[in-house]
């Protein structure tokens, strides 16, 4: 088969070429990949800063959509030709990918492959961190940094469905507008305004119950300033740096918690549980069209370098997708 490979040169060039075919296990299916969505983890892995978990494919790509072309002999719930999407630990930028059957999700009839590929990683990440790790409850408020990202746009939709006030930060007027149209109660252009002041002003000094943060670094101390008593701060990425200085006294006075979380390195059993809980709670909203991934742009797989550059420039609103076949 063909797949995207990272050339070991200064530019870490992405090339589309021949690689070995993946082997389908007894409880797995082989999917002919039609579309694969980009994630920040792909950029980090390409740069050599985020290796895949042990045993995972070294090919980039954490979420795909396509058609089942082979069934393991212990797979009985799916049929050849079924349209499916799935979360992967790696291997998505390819013509074929092996997926545990228990990780598959059906594609709604009226969805394109590009839409379906944009669902697994960002919606399962948002769901796992907001509702499982942070335990967002009815009536509690949520702040999401990077509201116009794939995970951010997913979080806005989920919180809107569960009736939780959701605030976001974003880097431009265009992104702020998009987040508001998607359902954010408050969208803050962090390049123009201090999000701490804006949140305090909007909430009359009360702050928020849960924060999902992709920045970390200097944001950590500022996040704590707007956490309510018993608030939860979930750190899911460190775009602003891996080190931070915080006031532990402030954290203790608020009886607040900081939670570090990643999805990729979790066991397959954990991922299956997350997927199933998401489907139990939110799949009716996927089928009804209330949940719909936001797609920024679609690139042919041969233009993967341009797609990565677009993400690196932080210009996207929602997901960037590669069309494989």
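In the numbering used here, the protein residues as written are 573 to 897.
Idealized CB from N, CA, C, for every residue including glycine.
Every value quoted in this text rests on a predicted model; they were computed, and no experiment measured them.
Quiz prompt | Cβ-Cβ distance between residue 766 and residue 713 below 7 Å | solution = No, these two residues do not count as a Cβ contact at 7 Å.
Quiz item: Under the DSSP definition of a beta bridge, which residues are partnered with residue 831?
Solution: As computed with DSSP, residue 831 is found in a beta bridge with 806.
Exercise. Measure the CB-CB distance between residue 601 and residue 671 and report whether it falls below 7 Å.
Key: Yes; because the gap between Cβ atoms is below 7 Å, this pair is in contact.
Quiz prompt | 8 Å Cβ shell around residue 613 - same chain, five flanking residues per side excluded | solution = 622, 634 and 836
Quiz item: With which residues is residue 683 paired in a DSSP beta bridge?
Solution: The partner list for residue 683 (beta bridge, DSSP) is empty, contrary to what the question assumes.
Quiz item: Roughly how many angstroms lie between the CA atoms of residue 737 and residue 827, to the nearest whole one?
Solution: 22 Å
Quiz item: What are the start and end residues of the beta strand (DSSP E) that includes residue 668?
Solution: 668-672
Practice problem: Just the C-alpha distance for residue 677 and residue 863, rounded to the nearest angstrom, thanks. | Solution: 14 Å
Quiz item: Does DSSP put residue 704 in a helix, a strand or coil?
Solution: Under the three-state reduction of DSSP, residue 704 is assigned to helix.
Exercise. Consult DSSP for residue 871 and reduce its assignment to one of helix, strand or coil.
Key: The answer is strand: DSSP assigns residue 871 an E or B state.
Quiz item: By DSSP, does residue 793 sit in helix, in strand, or in coil?
Solution: In the three-state scheme derived from DSSP, where H, G and I count as helix and E and B as strand, residue 793 is classed as helix.
Quiz item: Candidates 868, 795 and 813: which alpha carbon is nearest residue 830's?
Solution: 795
Exercise. Under the assumption that residue 817 contacts residue 793 (Cβ atoms under 8 Å), give the Cβ distance between them as a whole number of angstroms.
Key: Right, their Cβ atoms sit about 7 Å apart.
Practice problem: On a CA-only basis, which of 872, 743, 702 and 643 is nearest residue 834? Give me that one, please. | Solution: 702
Practice problem: Answer with yes or no whether the minimum CB distance from residue 731 to chain B is below 7 Å. | Solution: The structure shown contains no chain B; it holds only a single protein chain.
Quiz item: When the Cα atoms are used, what is the spatial distance from residue 667 to residue 825?
Solution: 53 Å
Quiz item: Exposed or buried, what is residue 619 when buried is set at 16 or more other beta-carbons lying within 10 Å of its beta-carbon?
Solution: exposed
Exercise. Pull up the distance between the alpha-carbon of residue 740 and that of residue 853, whole angstroms please.
Key: 23 Å
Self-check item: Alpha carbon of residue 757 to alpha carbon of residue 750, nearest angstrom
Solution: 12 Å
Quiz prompt | Minimum C-alpha distance to residue 865 - residue among 688, 658, 632 and 650 | solution = 688
Quiz item: Are the CB atoms of residue 522 and residue 764 nearer to each other than 7 Å?
Solution: In the structure displayed, the chain extends from 573 to 897; residue 522 sits before or after that span and is not available.
Quiz item: Can you tell me whether DSSP reads residue 884 as helix, strand or coil?
Solution: Helix at residue 884.
Quiz item: Since residue 642 is in the beta strand (DSSP E), which residue starts that stretch and which ends it?
Solution: Here the beta strand (DSSP E) through residue 642 covers 635-643.
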